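Asks: My numbering applies: residue 76 is where the sequence shown begins, and numbers increase by one. Using N, Cα and C, we set each Cβ at its ideal position, and we do this for glycine too. These numbers were taken from a predicted model, which means no experiment stands behind them. Please read through the structure below; I'll follow up with questions.
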Amino acid sequence: MGMVVYQREDCFITGYSKKEVAWTLGVLRNGQIAPAGTLKYGLTDPVRKRAFPIILKTKVSENKNYVFVQPDIQIRVRFRHWTDEGYLRLPVFEEFIQI
């Protein structure tokens with residue numbers, strides 16, 4: 076069985092799920108923030124408690140499943156690879172970069 080090699084990417088928190096512990100992510104592409112998938116792993120209580128007061132103050136819009144926020148918080152995630160659709164495969168929270 077081969078060893079998994081993870082990639083790392085700096086992302087912005089762009090929203091959160093209303094139904095589960097998950098954040099939507101975006102990455103900077105061509106000067107704009109593009110959707111990069113959903114982060115479900117590594118969101119421990121201390122991580123959520125540090126980010127959530129800021130996230131709640133920056134709500135932009137919402138739909139049935141998600142609340143979208145200003146991309147003010149930058150984080151680093153590790154992930155398996157980019158999918159064909161341009162999303163992060165199995166991203167895991169590693170650290171805050173800018174909060």
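#1: On a Cα-Cα basis, can you pick out the residue from Ser92, Arg153 and Gly112 that is closest to Arg180?
#2: For my contact list, Thr113 and Leu103 are in at a C-beta cut-off of 8 Å; report their separation, rounded to the angstrom.
#3: Enumerate in chain order the residues of its own chain whose CB-to-CB distance from Ala126 is below 7 Å, with the five nearest sequence positions on each side excluded.
#4: Nearest to Leu131 by alpha carbon, out of Pro146, Thr119 and Gln107?
#5: Could you tell me how far apart the beta carbons of Ile172 and Arg155 are, in whole angstroms, since I believe they sit closer than 8 Å?
#6: Please return the same chain residues whose Cβ sits closer than 8 Å to the Cβ of Leu165, not counting the five positions on each side in sequence.
#7: Consult DSSP for Leu103 and reduce its assignment to one of helix, strand or coil.
#8: Who does Asp120 pair with in a DSSP beta bridge?
Replies: In short:
#1: Any answer about residue 180 is impossible in this case: the structure gives the chain only from 76 up to 174.
#2: Thr113 to Leu103, Cβ: 18 Å. No contact.
#3: Correct list, in chain order: Ile88, Ile148 and Ile174.
#4: Pro146
#5: No, Ile172 and Arg155 are not in contact; Cβ-Cβ is about 21 Å, not under 8 Å.
#6: Tyr116, Phe154 and Arg155
#7: DSSP places Leu103 within a strand segment (E or B) once states are collapsed to three.
#8: According to DSSP, Asp120 bridges with nothing at all.
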